[in-house]
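Q: Under our numbering, the letters of the first sequence match residues 93 to 702, in that order.
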Amino acid sequence: MRWGRCGPRRHRLQARPSMKSELQALLREALGTLGLATDAPAPADARLPRPTLERTRDPAHGDFASNAALVLARSAGLRPRDLAERLLAALPASPLVTRVEIAGPGFINFHLSPTAYHQVVPIILQQGPAFGRSRIGAGQRVQVEFVSANPTGPLHVGHGRGAAYGAVVADLLAAVGYDVHREYYVNDAGRQMDILAASVWLRYLELCGEELPFPSNGYRGDYVWDIAAALHREHGDAYRVERAVVFAGVPADAGGDRPDGDQEAHIDGLVANAKQLLGDNRYRLVFELGLNTILDDIRDDLAQFGLTYEEWYSERTLSERGAVHRAIERLRTAGHVYERDGALWFRSSAFGDEKDRVVVRENGQSTYFASDIAYHMDKLERGFARVIDIWGADHHGYVPRVKAALTALGDDASRLDVLLVQFAVLYRGGEKVQMSTRSGDFVTLRQLRQEVGRDAARFFYVMRRCEQHLDFDLDLAKSQSADNPVYYIQYAHARVCSVLRQAADKGLALDLAPDRGQLERLTEAQENNLLRTLSRYSEVIETAALGHEPHQVATYLRDLANDFHTYYNAHQFLVTDTDLRDARIKLILAVRQVLRNGLDLLGVSAPERM
RNA sequence: GCCCUCGUAGCUCAGUCGGAUAGAGCAGCCGCCUCCUAAGCGGCAGGUCACAGGUUCGAAUCCUGUCGAGGGCACCA
Numbered sequence: 093m094r095w096g097r098c099g100p101r102r103h104r105l106q107a108r109p110s111m112k113s114e115l116q117a118l119l120r121e122a123l124g125t126l127g128l129a130t131d132a133p134a135p136a137d138a139r140l141p142r143p144t145l146e147r148t149r150d151p152a153h154g155d156f157a158s159n160a161a162l163v164l165a166r167s168a169g170l171r172p173r174d175l176a177e178r179l180l181a182a183l184p185a186s187p188l189v190t191r192v193e194i195a196g197p198g199f200i201n202f203h204l205s206p207t208a209y210h211q212v213v214p215i216i217l218q219q220g221p222a223f224g225r226s227r228i229g230a231g232q233r234v235q236v237e238f239v240s241a242n243p244t245g246p247l248h249v250g251h252g253r254g255a256a257y258g259a260v261v262a263d264l265l266a267a268v269g270y271d272v273h274r275e276y277y278v279n280d281a282g283r284q285m286d287i288l289a290a291s292v293w294l295r296y297l298e299l300c301g302e303e304l305p306f307p308s309n310g311y312r313g314d315y316v317w318d319i320a321a322a323l324h325r326e327h328g329d330a331y332r333v334e335r336a337v338v339f340a341g342v343p344a345d346a347g348g349d350r351p352d353g354d355q356e357a358h359i360d361g362l363v364a365n366a367k368q369l370l371g372d373n374r375y376r377l378v379f380e381l382g383l384n385t386i387l388d389d390i391r392d393d394l395a396q397f398g399l400t401y402e403e404w405y406s407e408r409t410l411s412e413r414g415a416v417h418r419a420i421e422r423l424r425t426a427g428h429v430y431e432r433d434g435a436l437w438f439r440s441s442a443f444g445d446e447k448d449r450v451v452v453r454e455n456g457q458s459t460y461f462a463s464d465i466a467y468h469m470d471k472l473e474r475g476f477a478r479v480i481d482i483w484g485a486d487h488h489g490y491v492p493r494v495k496a497a498l499t500a501l502g503d504d505a506s507r508l509d510v511l512l513v514q515f516a517v518l519y520r521g522g523e524k525v526q527m528s529t530r531s532g533d534f535v536t537l538r539q540l541r542q543e544v545g546r547d548a549a550r551f552f553y554v555m556r557r558c559e560q561h562l563d564f565d566l567d568l569a570k571s572q573s574a575d576n577p578v579y580y581i582q583y584a585h586a587r588v589c590s591v592l593r594q595a596a597d598k599g600l601a602l603d604l605a606p607d608r609g610q611l612e613r614l615t616e617a618q619e620n621n622l623l624r625t626l627s628r629y630s631e632v633i634e635t636a637a638l639g640h641e642p643h644q645v646a647t648y649l650r651d652l653a654n655d656f657h658t659y660y661n662a663h664q665f666l667v668t669d670t671d672l673r674d675a676r677i678k679l680i681l682a683v684r685q686v687l688r689n690g691l692d693l694l695g696v697s698a699p700e701r702m
């Protein structure tokens, strides 16, 4: 995290979002006093490290440590420890800090007062669900596009990870003050959709009693039968065409007894025949029926997974509005396209791509890539400060060409971040669950939710870094044991609720007013650990949001739950000493609040009893 | 072949912008319920951070190369 650009400002204890930013302000002031501006733009040599303030790993080094003296010694013309001395002298006093010392090669270690930690409890209780949220995004508009699976079939478990990851990235950005626009790009045009329409029609013909060979490249899932059955129910035989006519002039399929055939030409021939035999209106109806049925299913599926979108963006309307044409013309005007072999090519190799790419095919149809150029152009034209795409890792080769297109259009490609999510592999009984999209034999997201539940699914999907392959252990996700991190964390929450129920049952009068001084009674090691962990929450949310790293929240919550369970086992909360009891109840109420806030960000519920 | 990502304890993974003695969980071993939920807690053991160089006060982290795993290299989307 950079140190911010705000000028020297009187520090006010409560105004800072976290104790870390409070200390940063102190340090910045000291640096300013010595004329070592940290607000200057980064030096040309970006490899020069910048001063940082970090949590220490070893308590002997205090609570926070800064490497400022080490990093700035050279430019200041001083030895690190000498510079550290001067910084120490220039450091303003603060009630948070009890002691500052120089250690090792020139680290500056800050020891914080117990009060600094105690005050985090009333802050959490006052801010409630808002605790951990901040305004560092300053209302900047950010677009997050995720899932965007083709509406040619139900979502499967591979899409689930992108869905969970994208949802949390978006929510995190919103939590730190960005104006987030969540979007699903609907590929409702193009060849794959035509293949779906043809697949539906062929299954319909089978329901009508026609016997026909199903194309090897058609969509074979059961859902295609369902859509075909709906068509047949509503329209009887009105769309029926004899088998011989359907296959007239269609090149042979490949596979099975015809290894010499051509799958692609075969399915394209069937699509062409379907369009011609059905005519515009009837073809359109079949097409729309397939699209809408599947899209409705996807919407419903994602809603039940806890995902909401601000917008479902149609590829078809994009091209109908002329955006694709306009994008290509802009590239043409800028001199970045050329014709070869009857097709129109974008010279993406001039902008860092491996090779040039076709935007208009020989048959006159624009490519999916052309739509994507138009779509990304449109995103930037809509005025988003940042645009985030979340794609499956198998699309990584696609990143350079999209960025190339934006650069060629004269846009700033650095406004686009593409986050690549690796695949999730399911394990059941220690065995890898085999899946194959080809045969339609895949586990759907809905099935996964039904098997392990929404909470476990959401949590497991985001508990690893996105570029890490995910081993999704179904048995673990279902197990109601401490091994299961979801239950472990939720159990901590339920335990706090349980203690409060006990207090109520015993008729104990709790004084939970914010500032009564009882918090000074929290002196046990477990209490100090808990306070330290609670005070980290805002920092975790900030780094998780800015780094697009939901797993940090998952890891943090596990730590917090662990600290709580340790405390629970070591000390009784409902003691007879009322001040101590009130202090402990306030502390665990703060724990409960932070658990809730964190789980909420992950889309996981916080049950009151288990 | 070229490109991208990854390689940390037996297994699954954290490790902040390069920071001080590399951390969790599981599995293993030893303990802890007359007590707010044992769906819990404590302890022990476990490491050449794939390998080799380089950069510097300092490298698991940055650079180069090698090896290994996954993915990508369409007038498909």
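Idealized CB from N, CA, C, for every residue including glycine.
1. Can you grab the Cα-Cα spacing for the pair S506 / Y490, in whole Å?
2. Closer than 8 angstroms by C-beta to P187: which residues in its own chain qualify, once you throw out the five before and the five after it? Chain order, please.
3. Name the one or two DSSP bridge partners that H468 has.
4. Is DSSP giving S645 helix, strand or coil here?
5. How many Å lie between P197 and L162 at the Cα?
6. For the alpha helix (DSSP H) holding G254, just list the boundary residues, first then last.
7. Closest to V383 by C-alpha separation, out of Q368, L369, E407, A395, would be which residue?
8. State the Cα-Cα distance for the pair R538 and I228, rounded to the nearest angstrom.
9. Hey, would you say the C-beta of D150 is under 7 angstroms away from at least one heavy atom of the ligand FMN?
10. May I ask which residues mark the beginning and end of the alpha helix (DSSP H) holding V683?
11. Using a 10 Å radius around the Cβ and a threshold of 16 neighbouring Cβ atoms, would you call D345 buried or exposed?
12. Could you tell me which uninterrupted beta strand (DSSP E) segments, each at least 3 residues in length, are contained entirely in the stretch 142–212, listed from first to last along the chain?
13. Comparing C-alpha positions only, which one of G220, G695, F461 sits nearest to G282?
14. Going by beta carbon distance, what residues of the same chain come within less than 7 angstroms of F59, once the five residues before and after it are set aside?
15. Which residue from L518, V450, A477, F515 puts its Cα closest to that of R493?
16. Would you mind working out which of L694, A605, V696 sits nearest D65, comparing C-alpha positions?
17. Using C-beta distances below 8 angstroms, list every residue in its chain close to A415, excluding the 5 sequence neighbours before and after it, in chain order.
18. Using beta-carbon positions only, say whether L370 and V342 come within less than 8 angstroms of one another.
19. Output the boundary residues of the alpha helix (DSSP H) element that contains Q618.
20. Closer than 8 angstroms is the cut-off here; do at least three beta carbon pairs connect the stretch 228–248 with the stretch 391–405?
21. Using a Cβ-Cβ cutoff of less than 7 angstroms, which residues in the same chain neighbour A496 once the five nearest sequence positions on both sides are dropped?
22. Pick from Q685, D567, R413, M555: whose alpha carbon is nearest that of V544?
23. Return helix, strand or coil for R446, following the three-state DSSP convention.
24. Just tell me which of R587, L423, G245 has its CA closest to the CA of Q284.
25. For V696 and L512, what's the separation of their Cα atoms in angstroms?
26. At what residues does the beta strand (DSSP E) containing L436 begin and finish?
27. Can you tell me whether Q235 is helix, strand or coil according to DSSP?
28. What whole-angstrom Cβ distance do A601 and V578 have, given they're in contact under 8 angstroms?
29. Can you list, in chain order, the residues of its chain with a C-beta nearer than 6 angstroms to that of K447? Leave out the 5 residues immediately preceding and following it.
30. Helix, strand or coil for H663 per DSSP?
31. Counting only runs that start and end within the stretch 372–428, where is the beta strand (DSSP E) found for 3 or more residues in a row?
32. Check whether the Cβ atoms of R550 and L694 lie closer than 8 angstroms to each other.
33. CB V278 to CB V316, shorter than 8 angstroms?
34. Taking DSSP as the reference, what is the three-state secondary structure of K598?
35. Grab the span of the alpha helix (DSSP H) containing I228 for me, first residue to last.
36. Over the uninterrupted beta strand (DSSP E) stretch that includes A516, give me the two end residues.
A: On the basis of the coordinates in this document:
1. Locating residue 506 in the first sequence gives position 414, counting from the first residue. Locating residue 490 in the first sequence gives position 398, counting from the first residue. As the crow flies, the alpha-carbon of S506 is around 16 angstroms from that of Y490.
2. Numbered from its first residue, the first sequence carries residue 187 at position 95. Only L105, S205, T207, A208 meet the Cβ criterion.
3. Residue mapping note: residue 468 aligns to position 376 of the first sequence, counting from 1. According to DSSP, H468 bridges with nothing at all.
4. Taking the first residue of the first sequence as 1, we reach residue 645 at position 553. Contrary to the premise, residue 645 reads as Val rather than Ser in this sequence. Reduced to three states, the DSSP call for V645 is helix.
5. The residue you call residue 197 lines up with position 105 of the first sequence. The residue you call residue 162 lines up with position 70 of the first sequence. Rounded to whole angstroms, the separation of the alpha carbons of L162 and P197 is 7 angstroms.
6. Within the first sequence, the letter at position 162 stands for residue 254. Per DSSP, G254 is one residue of the alpha helix (DSSP H) stretching across 249–267.
7. Taking the first sequence and counting its residues from 1, one reaches residue 383 at position 291. Correcting the residue type first, residue 383 is Leu in the shown sequence and not Val. It is E407.
8. By 1-based counting over the first sequence, the position of residue 538 is 446. By 1-based counting over the first sequence, the position of residue 228 is 136. Near 36 angstroms, if we compare the C-alpha coordinates of I228 and R538.
9. The model on display carries no ligand, and the ligand FMN is accordingly not part of it.
10. Residue 683 sits at position 591 when you count from the first residue of the first sequence. Going by DSSP, V683 is part of the alpha helix (DSSP H) stretching over 670–694.
11. If you number the first sequence from 1, residue 345 lands on position 253. The residue is buried, with at least 16 neighbouring Cβ atoms inside 10 Å.
12. You should have 145–147, 156–158, 189–195, 199–204.
13. Numbered from 1 along the first sequence, position 190 holds the residue referred to as residue 282. Distance from the Cα of G282 is smallest, within the candidate group G220, G695, F461, for F461.
14. What is shown of the chain runs 93 to 702, which leaves residue 59 out entirely.
15. Here the question's residue 493 lines up with position 401 in the first sequence. That would be V450, whose Cα lies nearest to the Cα of R493.
16. With the chain represented from 93 up to 702, any question about residue 65 goes unanswered, as that position is not in the structure.
17. If you number the first sequence from 1, residue 415 lands on position 323. Result list for A415: A466, Y467, M469, D470, in chain order.
18. Looking up residue 370 in the first sequence gives position 278. Looking up residue 342 in the first sequence gives position 250. When the beta-carbon positions are compared, L370 and V342 stay at least 8 angstroms from each other.
19. Mapped onto the first sequence, residue 618 falls at position 526. Looking at the DSSP string, the run of the alpha helix (DSSP H) that includes Q618 is 617–638.
20. Yes, the stretch 228–248 touches the stretch 391–405.
21. Within the first sequence, the letter at position 404 stands for residue 496. Listed in chain order, the non-local C-beta contacts of A496 below 7 angstroms within the same chain comprise S440, F443, G444, D445, local neighbours out to five positions each way being set aside.
22. Here residue 544 is taken as the residue at index 452 of the first sequence, counted from 1. With distances taken between Cα atoms, V544 lies closest to D567.
23. On the first sequence, position 354 is the one that residue 446 refers to. In the sequence under discussion, the amino acid at residue 446 is Glu, which differs from the Arg named in the question. When secondary structure is reduced to three states using DSSP, E446 falls in the coil class, being assigned neither helix nor strand.
24. Locating residue 284 in the first sequence gives position 192, counting from the first residue. Nearest of R587, L423, G245 to Q284, Cα basis: G245.
25. Working through the first sequence from its first residue, we reach residue 696 at position 604. Working through the first sequence from its first residue, we reach residue 512 at position 420. Cα-Cα distance, rounded: 23 angstroms.
26. On the first sequence, position 344 is the one that residue 436 refers to. Start and end: 435–438.
27. Taking the first residue of the first sequence as 1, we reach residue 235 at position 143. Note: Q235 maps to strand in three-state DSSP.
28. Counted from its first residue, the first sequence places residue 601 at position 509. Counted from its first residue, the first sequence places residue 578 at position 486. Taking 8 angstroms as the upper bound for CB-CB distance, A601 and V578 are not in contact here, some 35 angstroms apart.
29. To locate residue 447, count along the first sequence from 1; it is residue 355. Leaving aside the five residues that flank K447 on each side, the residues in its chain whose CB is nearer than 6 angstroms to its CB run, in chain order, S441.
30. Here residue 663 is taken as the residue at index 571 of the first sequence, counted from 1. Of the three classes helix, strand and coil, the one that applies to H663 here is coil, per DSSP.
31. The qualifying runs are 403–406.
32. Position 458 of the first sequence holds residue 550. Position 602 of the first sequence holds residue 694. Taking 8 angstroms as the cut-off, the Cβ atoms of R550 and L694 count as close.
33. Looking up residue 278 in the first sequence gives position 186. Looking up residue 316 in the first sequence gives position 224. When the beta-carbon positions are compared, V278 and V316 stay at least 8 angstroms from each other.
34. What you label residue 598 is simply residue 506 of the first sequence in a count that begins at 1. Three-state DSSP puts K598 in coil, outside helix and strand.
35. By one-based count along the first sequence, residue 228 stands at place 136. Where I228 is concerned, there is no enclosing alpha helix (DSSP H), given that its DSSP letter is neither H nor E.
36. To locate residue 516, count along the first sequence from 1; it is residue 424. That run of the beta strand (DSSP E) goes 516–520.
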